Amino acid sequence: MKRREIEKQVARAVWSQPITDLHTHCYAPRFGASPQPGGMLLWGIDELVTYHYLIAEVYRVVPASELPYETFWAMSKREQADHIWKHLFVERTPLSEACRGVLTTLQMLGLDPNERKLDKLRKWFHKQDPDKYATKVMQVASVDSITMTNPVFDDHERAMWERDAAVGDDPRFTAVLRIDPLLRDWPSACAKLTAWGFEARPDFSGDTTAQVRRFLEHWLDKMKAAYLAMSLPPEFRYPDPANPAGDRFIRDCLMPVLAARKLPWAMMIGSRMRDKVNPALRDAGDMVGKSDVMSVVNLCRDFPANKFMVTMLARENQHELCVATRKFGNLLLFGCWWFLNNPSLIEEITRMRVELLGTSFVPQHSDARVLDQLVYKWEHSRRIIAKVLTDKYAELGESGYDVSAKQIKRDAALLLRDNYREFIKR
Ligand SMILES: [Zn+2]
2 MKRREIEKQV ARAVWSQPIT DLHTHCYAPR FGASPQPGGM LLWGIDELVT
52 YHYLIAEVYR VVPASELPYE TFWAMSKREQ ADHIWKHLFV ERTPLSEACR
102 GVLTTLQMLG LDPNERKLDK LRKWFHKQDP DKYATKVMQV ASVDSITMTN
152 PVFDDHERAM WERDAAVGDD PRFTAVLRID PLLRDWPSAC AKLTAWGFEA
202 RPDFSGDTTA QVRRFLEHWL DKMKAAYLAM SLPPEFRYPD PANPAGDRFI
252 RDCLMPVLAA RKLPWAMMIG SRMRDKVNPA LRDAGDMVGK SDVMSVVNLC
302 RDFPANKFMV TMLARENQHE LCVATRKFGN LLLFGCWWFL NNPSLIEEIT
352 RMRVELLGTS FVPQHSDARV LDQLVYKWEH SRRIIAKVLT DKYAELGESG
402 YDVSAKQIKR DAALLLRDNY REFIKR
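Residue numbering for the sequence shown follows our numbering, beginning at 2 and increasing consecutively.
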């Protein structure tokens with residue numbers, strides 16, 4: 002096949018393949034939708050423009066000395082959006098990836114990204130019904146399934162599941178149990194479990210191990226979770242001599258429960274929390290730190306009956322993590338997370354992964370917090386994945402190997418949907 006034909010076939014395969022998005026922060030409409038108070042499904046122009054990436058960016062242009070953080074947080078969502086739109090989209094050229102993302106989304110929804118005021122756009126979004134709109138966005142983004150992130154230690158969300166677990170019953174969405182405090186703050190997590198009827202003691206005395214296992218099983222089942230997830234700091238280590246309770250929780254509680262249910266543990270490692278960086282920026286205040294790949298290696302080796310999904314935030318970790326992935330069939334490498342979700346880095350990382358892993362990884366997840374972001378996150382990533390694949394098939398051609406359209410279609414399906422689906426089923 003000639004390069005031009007390869008390019009055409011790859012574009013056809015990558016754009017027609019529906020994506021199973023394995024990590025987002027989007028919620029099914031039953032959890033309530035913005036702007037309704039407490040609505041957990043965020044969508045629409047004001048949410049898009051006040052995405053925390055853009056809050057960080059507007060504070061580069063209008064610093065806290067001119068607009069104190071407290072003043073910004075006291076503004077209505079609409080006022081915040083107007084402020085960001087004015088400074089990042091009208092008075093400056095919206096070149097950053099987060100800015101461009103809003104524009105791609107508007108364009109693909111059939112709206113004009115050149116509006117100088119948000120009001121006209123607001124009118125269009127105001128006419129949408131959130132439930133129907135979710136289906137529309139999935140069609141435009143060509144996403145067949147959205148994976149939620151469901152933190153059970155969040156009081157508002159836990160109450161919703163406890164009121165009626167059917168809140169999670171939406172064929173478009175899949176739940177994921179997130180339990181960060183069990184590793185990040187074991188003593189307070191134990192106190193909470195005890196208050197919820199699972200008597201857990203920080204020193205593991207009494208029936209703690211069984212109670213913590215019962216807690217995990219209860220919530221995995223209630224949510225019908227596809228996997229269990231944690232976001233971990235750069236300092237995460239396994240084993241960790243400084244945190245023997247954490248080691249014990251992993252070894253005696255987490256690993257046996259997940260192995261019995263054949264569910265993966267997804268670890269997103271390397272986010273330095275805002276309390277150590279800039280707490281006043283809230284969600285926008287986190288940054289990146291280098292993590293320890295050998296801890297992932299130790300887990301994959303010591304728990305061969307368990308499955309692990311891993312992504313790391315630091316560019317500096319990507320090569321070592323990719324090499325580690327070669328060594329373990331129970332490890333699924335996924336995504337270009339957060340500060341890596343930029344075209345130049347996605348391209349570099351995806352190219353390296355294909356060279357080291359062939360098609361046996363998941364190139365991207367959207368991490369969308371606002372439903373509409375699915376549109377641009379996947380449009381931008383698909384473009385890069387297609388570019389990398391085209392180059393790689395052309396190189397095979399130079400080695401005398403003739404790739405077929407059927408193979409290209411199969412590879413696109415593996416990368417965008419089936420590697421993940423098969424891994425969680427395995
Ligand atoms: Zn996330």
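The beta-carbon is built from N, C-alpha and C at its ideal position, and this holds for glycine as well. These numbers come from a predicted model, not from an experiment.
Delimiting residues of the beta strand (DSSP E) encompassing Ser232: Leu229 to Leu233
At the level of alpha carbons, what is the spacing between Lys263 and Asp170? 21 Å
By DSSP, does Arg179 sit in helix, in strand, or in coil? strand
The alpha helix (DSSP H) that contains Met2, what's its start and end? Taken as a continuous stretch (DSSP letters only), Met2 belongs to no alpha helix (DSSP H), as it is neither H nor E.
What is the DSSP secondary structure of Met149, reduced to helix, strand or coil? Note: Met149 maps to coil in three-state DSSP.
Heavy atom of ligand 1 within 7 Å of Thr21 beta-carbon: no
Exposure label - Thr148; buried when at least 16 CB within 10 Å: buried
Would the C-beta of His320 count as close to ligand 1, meaning under 7 Å from any of its heavy atoms? no
Beta-carbon proximity list for Ala34, same chain, < 7 Å, skipping 5 on both sides: Gly40, Leu42, Trp44 and Pro131
Mapping the DSSP letters down to three states, classify Ser272 as helix, strand or coil. strand
Whole angstroms is fine: what's the gap from Val168's alpha carbon to Tyr239's? 35 Å
At a threshold of 7 Å, does Asp368 count as lining ligand 1 (C-beta to nearest heavy atom)? yes
Whose CA, out of Leu372, Leu184, Leu375 and Lys426, lies closest to the CA of Pro203? Leu184
Span of the alpha helix (DSSP H) holding Ile409? Ala406 to Ala414
From Tyr70, Arg4, Pro19 and Pro36, residue whose alpha carbon lies closest to that of Gly286: Closest option to Gly286, Cα to Cα, is Tyr70.
Here's a check: name, in chain order, each residue in its chain whose Cβ is nearer than 7 Å to the Cβ of Ser17, leaving out the five neighbours to either side. none
Between which two residues does the alpha helix (DSSP H) holding Asp241 run? No alpha helix (DSSP H) holds Asp241; DSSP gives it neither H nor E.
Quick one, are the C-beta atoms of Leu194 and Gln212 less than 8 Å apart? If you check the CB distance, Leu194 and Gln212 come in under 8 Å.
Residues in the same chain with beta-carbon distance under 8 Å from Arg215, minus the five sequence neighbours each way, listed in chain order, please. Take Arg215, set aside five residues on each side of it, and the residues of its chain with a beta-carbon closer than 8 Å to its own are Phe199, in chain order.
Spatial distance of Cys337 from Gly207 (CA atoms): 42 Å
Which residues mark the beginning and the end of the alpha helix (DSSP H) in which Phe424 is found? From DSSP, the alpha helix (DSSP H) with Phe424 extends over Asn420 to Lys426.
Near Trp86, which residues of its chain fall below 6 Å by C-beta distance, leaving aside the five closest residues on each side in sequence? Val50 and Leu119
Put Lys308 into one of helix, strand or coil per three-state DSSP. strand
Where in the region 97-175 do unbroken runs of the alpha helix (DSSP H), each at least 4 residues long, occur, reported from the N-terminal end onward? 98-109, 120-127, 131-142 and 156-164
Shortest alpha-carbon distance to Met268 belongs to which of Phe73, Leu255 and Ser232? Ser232
For ligand 1, any of its heavy atoms closer than 7 Å to the Cβ of His26? yes
Assuming Thr312 contacts Phe335 (C-beta within less than 8 Å), just tell me the rounded distance between them. Contact flag correct, Cβ pair sits at about 5 Å.
With which residues is Ala34 paired in a DSSP beta bridge? BP columns for Ala34 point to Leu42.
beta-carbon Thr150 near ligand 1 non-hydrogen atom, thresh 7 Å: yes
Report back the beta-carbon spacing between Phe340 and Leu314 to the nearest angstrom; my notes put them in contact at under 8 Å. 6 Å
Using the rule of at least 16 other Cβ atoms within 10 Å of the residue's Cβ for burial, across every protein chain shown, is Asn342 buried or exposed? buried
Report, in whole angstroms, the separation of the C-beta atoms of Val144 and Asp22, which I expect to be a contact under 8 Å. Contact between Val144 and Asp22 holds, since their C-beta atoms are separated by about 5 Å, short of 8 Å.
Start and end of the alpha helix (DSSP H) containing Thr326? Gln319 to Arg327
Out of Gly111, Trp74, Arg117 and Leu112, which has the shortest C-alpha to C-alpha gap to Pro95? Arg117
By Cβ distance, which residues of its chain are closer than 7 Å to Lys225, with the 5 residues on each side in sequence left out? Gly169 and Ala176
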